[in-house]
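Novice:
Residue numbers (our numbering): 1311 to 1583.
1) Which residues share a DSSP beta bridge with residue 1462?
2) Quick check: the Cα distance between residue 1376 and residue 1423, rounded to an integer number of angstroms?
3) Counting only the same chain and skipping the five closest in sequence on each side, list residues whose C-beta sits under 6 Å from that of residue 1584.
4) Does residue 1493 come out as helix, strand or coil in the three-state DSSP assignment?
5) Spell out the partners DSSP gives residue 1354 in its beta bridges.
6) Measure from the alpha carbon of residue 1370 to the alpha carbon of each residue in 1534, 1523, 1545 and 1543, then state which is nearest.
7) What residues in its chain sit with their C-beta under 7 Å from that of residue 1328, if we drop five residues either side in the sequence?
8) Spatial neighbours of residue 1561 within its chain, please: C-beta separation below 6 Å, excluding the five flanking residues on both sides.
9) Would you decide whether residue 1372 is buried or exposed? Buried here means 16 or more other CB atoms lie within 10 Å of its CB.
10) Between residue 1419 and residue 1388, is the Cβ-Cβ spacing less than 8 Å?
11) Taking the beta carbon of residue 1454 as the centre, do at least 16 other beta carbons fall within 10 Å, making it buried, or is it exposed?
12) Whole angstroms is fine: what's the gap from residue 1261's alpha carbon to residue 1465's?
13) Assuming contact is defined by CB atoms lying nearer than 8 Å, are residue 1494 and residue 1509 in contact in what I supplied?
14) Could you compute how far the alpha carbon of residue 1581 sits from the alpha carbon of residue 1421?
15) In three-state DSSP terms, what is residue 1319?
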């Protein structure tokens, strides 16, 4: 069971990394695909000039991961309030919070403190990993390179990787916008902790969101397609390692149960922090 968990959760992403590296980084598929989107007559990527497309797919799209992170942060902070209230010792305060309908929210936050903290930390770790890779590879976006009317040279990430210091000013690999969508994978691990039967929907929904975010930027000339795949791989690994630190392997590998099965087997979440 243990080996299967690691083979599935680490093996598949690493296999995908090898495939992406060989299929995209070692060939010209990325460039060939971007060439189809580039208009040599105007020397532009046409979709990059459409203001509404930019707003819809780049600016407004950030709302989903941003709001998720903000809700998790607020929940994490509120989770410390109810234990401080101590309604047993302060019944009047507890009664006031009950009448204001605030007590259920505070109790929920306290019961799920570990989950709120996990989402906050997972988002931070994912963001940190992506920013580290961007700074230490210094890859410029297609639209910035001489291939598509820009001034910077086209460089593959593995030719410019620097482990201990920044490699330059380029910030295009892996896809940052795609990683914003992929960070929603953190919710999948929360669902796995509770054996929620819709956890697979969260998994595929988060992957789809990341691919949509990344693909729209490819269409605008601001990323190559492989940048999206790399973002998904690194975000998955970052979320997985963070989930293992917060929940442990045993909790994450439990079988997903239906609502009826949960009643039969009496599945209960572990205590919060």
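No residue lacks a Cβ here, since even glycine has one placed at the ideal position from N, Cα and C.
Specialist: On the basis of the supplied data:
1) 1455
2) 19 Å
3) Any answer about residue 1584 is impossible in this case: the structure gives the chain only from 1311 up to 1583.
4) coil
5) 1349
6) 1523
7) none
8) 1503
9) exposed
10) yes
11) buried
12) A question about residue 1261 goes unanswered here, because the residues of the chain that appear run from 1311 up to 1583.
13) no
14) Residue placement at residue 1581 is poorly supported in this model, since its pLDDT is 46, which falls under 50; the coordinates still yield a value, given next. So the two alpha carbons sit approximately 8 Å from each other.
15) helix
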